[in-house]
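Remarks on the structure that follows.
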Amino acid sequence: VPPLVREIKYKILENALQYIEQLKGRITAAQTIAAALDPRTVVAAGYAILRNEDGCPMTHVQDVANAKIVSADLRDGSITLQPLQAKKI
57 VPPLVREIKY KILENALQYI EQLKGRITAA QTIAAALDPR TVVAAGYAIL RNEDGCPMTH
117 VQDVANAKIV SADLRDGSIT LQPLQAKKI
């Protein structure tokens, strides 16, 4: 194999390896963001996710006040709650 061809092959391989390393970095960053946005991460930190009868997340006191039944997703399972009163801060 002529030296020029060998050098070109080496450069192509080197560039491909650099590109793969860049992609690995992007994948790692995307995985980090996805983990931070995962609701299970929030729940594991001690928070709860409240859901209405349809399973949609509830984000306002008024949503809970208007609901007959609320489910709370916790670290180790979920529980069904019945709101008694709501107080806005």
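Residues 57 to 145 (our numbering) are what the sequence shown spells out, left to right.
Note that CB positions come from ideal geometry on N, CA and C, so glycine has one too.
Can you give me the C-alpha to C-alpha distance between residue i and residue j, rounded to a whole angstrom?
{"i": "C112", "j": "R96", "result": "15 Å"}
{"i": "P59", "j": "E70", "result": "16 Å"}
{"i": "P139", "j": "V98", "result": "22 Å"}
{"i": "Q141", "j": "V120", "result": "9 Å"}
{"i": "A72", "j": "A100", "result": "40 Å"}
{"i": "E77", "j": "T84", "result": "11 Å"}
{"i": "K67", "j": "K80", "result": "20 Å"}
{"i": "G133", "j": "A123", "result": "21 Å"}
{"i": "G102", "j": "K144", "result": "22 Å"}
Assuming the contact rule is C-beta atoms closer than 8 Å, residue i and residue j should be a hit. Round their C-beta distance to whole Å, please.
{"i": "I125", "j": "T115", "result": "Contact flag wrong, Cβ pair sits at about 17 Å."}
On the three-state DSSP scale, how would you describe residue i?
{"i": "P113", "result": "strand"}
{"i": "I64", "result": "helix"}
{"i": "L73", "result": "helix"}
{"i": "D129", "result": "strand"}
{"i": "I145", "result": "coil"}
Count Cβ pairs between the region 104-112 and the region 76-94 that sit closer than 8 Å; are there 3 or more? no
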